[in-house]
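Asker:
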Amino acid sequence: MNRPDVMTSFTTGLADINLDETDGRRAGAQAAAMKSASSSIYDMAATLSGRGELWNWGMCDPDLAAEIEARLPGFAEFGTDGFSEQLYYLALRDLPGGLDGCAGQTLLEVGCGAGEGLNFLSRLVPDTRMTGLDLSPRAVARANATLARGDSLRFVQGDAEDLPFEDSSVDLLINIESSHTYPDLDRFLREVARVLRPGGALSHIDVFTRQRLQTMRRITAELPQLTWATDHDVSAAVRAAVRRRMTPGSRFRRTLDRQRMNPLVRTIATHSQILMFGGMFAGYRPPASIRALSRLGVVPWMSGLPMESYRHQVAVRV
Ligand SMILES: C[S@@+](CC[C@H](N)C(=O)[O-])C[C@H]1O[C@@H](n2cnc3c(N)ncnc32)[C@H](O)[C@@H]1O
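Just add 3 to the spot in the sequence shown (first one is 1) and you have the working numbering.
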């Protein structure tokens with residue numbers, strides 16, 4: 004598949020999965036096409052994104068930032084704005100045992116991208132044995148080449164819907180801004196329940212359309228192995244982070260601005276980057292130049308999916 008075909012397959016697949024009003028179970032050729040497009044897109048991201056960059060929309064909560072700063076002074080000095088790290092911090096802090104309960108535990112991240120988020124967590128809770136799993140072979144190869152440290156931090160390629168781990172072999176499992184691309188959410192959550200040991204916990208963070216949230220609620224009601232402890236809407240903090248990143252002069256914008264490209268290409272690249280990092284969710288309206296290019300058919304018009312909320316949910320394995 005060439006690049007425009009991959010993008011088309013990915014956006015069509017995303018719409019199909021997230022606007023589904025039926026049972027949230029996609030299989031066969033349609034699911035395989037979505038996974039192949041997803042894997043190609045994140046292979047590209049693994050090639051293009053810089054060291055230390057995470058791949059989620061982030062959240063901006065000054066209290067959380069202060070908590071992280073108290074534990075890891077200067078945590079964002081490695082070249083990021085620290086917003087994406089806040090989501091990772093939240094994922095561990097709100098587990099039933101909190102951050103201190105992670106010591107000596109095994110932690111699996113499903114959909115770890117190039118591993119930068121897990122690497123950040125490994126600095127926060129160094130006594131936790133961490134494994135990251137991702138569908139994208141290049142993201143996993145990059146994570147293993149740049150971040151892996153023996154049994155403390157390792158990365159494997161695999162599919163969230165078919166986890167390559169034994170039953171009851173994982174203490175804690177996190178999943179951040181990844182499950183909205185899985186064709187079969189039911190299968191993923193059953194895999195989570197299978198690999199978690201009794202008493203183990205899941206921290207799930209993602210963006211939801213109205214339909215996808217309904218699907219998730221239906222699936223979880225039929226899955227007694229997981230008891231849902233919390234479901235927090237963190238949309239306001241996520242929107243705040245996206246808006247800060249969209250502001251000209253932000254660290255996010257400067258990263259792009261440093262790259263050599265002609266002004267038109269820069270405008271299009273900035274627009275695409277804003278769309279990928281939650282712009283529509285935060286009320287972004289493309290500039291007049293992009294609207295004009297879209298009318299001419301040069302830039303595809305992307306209204307984005309009607310994402311309604313960004314949530315953090317915690318479940319305990321019965
Ligand atoms: C938006 S990125 C988030 C990455 C990381 N969690 C973060 O917050 O920076 C979504 C990730 O999910 C991965 N992914 C998508 N479908 C997957 C699947 N079926 N199994 C495992 N990983 C998958 C992608 O390859 C990508 O790395």
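We put the beta carbon where it would ideally sit given N, CA and C, even for glycine.
Going by other Cβ atoms of all chains shown within 10 Å of its Cβ, with 16 needed for buried, is residue 27 buried or exposed?
Answerer: So residue 27 ends up on the buried side.
Asker: Should residue 65 go down as buried or exposed, given a rule of 16 or more other Cβ atoms within 10 Å for buried?
Answerer: Classification of residue 65: exposed, given that the 10 Å Cβ count is below 16.
Asker: Just list the residues that DSSP pairs residue 156 with in beta bridges.
Answerer: In DSSP, residue 156 forms a bridge with 133 and 152.
Asker: Answer yes or no: the CB of residue 116 versus the heavy atoms of ligand 2, is any distance below 7 Å?
Answerer: No copy of ligand 2 occurs in the structure displayed; its ligands are ligand 1 alone.
Asker: Which same chain residues, not among the five before or five after residue 112, have their C-beta less than 6 Å away from its C-beta?
Answerer: Here the set comprises 121, 135 and 177.
Asker: Taking the alpha carbon of residue 124 as the reference point, which residue from 137, 227, 285 and 150 has its own alpha carbon closest?
Answerer: Residue 150 is the option with its Cα nearest to residue 124.
Asker: Quick one: what's residue 165 bridged to in DSSP?
Answerer: Paired residues: 162.
Asker: Following a CB-centred definition, is residue 231 positioned closer than 7 Å to any heavy atom of ligand 1?
Answerer: No, the beta carbon of residue 231 sits no closer than 7 Å to any heavy atom of ligand 1.
Asker: Between 99, 98, 308 and 243, which lies nearest to residue 16 when the distance is taken from Cα to Cα?
Answerer: Residue 308 is the option with its Cα nearest to residue 16.
Asker: Within the present structure, is the beta-carbon of residue 35 separated from the nearest heavy atom of ligand 1 by less than 7 Å?
Answerer: No; taking the cut-off as 7 Å, the Cβ of residue 35 has no heavy atom of ligand 1 nearer than that.
Asker: Give a yes or no on whether the C-beta atoms belonging to residue 182 and residue 162 are separated by under 8 Å.
Answerer: No, the Cβ-Cβ distance between residue 182 and residue 162 is not below 8 Å.
Asker: Can you tell me whether residue 262 is buried or exposed? The criterion is at least 16 other CB atoms within 10 Å of its CB, across all chains shown.
Answerer: Residue 262 should be labelled exposed.
Asker: On the three-state DSSP scale, how would you describe residue 117?
Answerer: Residue 117 falls in the coil class under three-state DSSP.
Asker: Buried or exposed: residue 145, going by 16 or more other Cβ atoms within 10 Å of its Cβ?
Answerer: Buried.
Asker: For residue 99, which residues of its own chain have a beta-carbon under 7 Å away from its beta-carbon, when the five flanking residues on both sides are left out?
Answerer: Closer than 7 Å at the Cβ level, and outside the excluded window around residue 99, lie 204, 232 and 319.
Asker: Look at the alpha carbon of residue 104 and the alpha carbon of residue 95, and state the distance between them as a whole number of angstroms.
Answerer: Cα-Cα distance, rounded: 9 Å.
Asker: Ligand 1 heavy atoms versus the CB of residue 21: any closer than 7 Å?
Answerer: Residue 21 Cβ: outside cutoff for every heavy atom of ligand 1.
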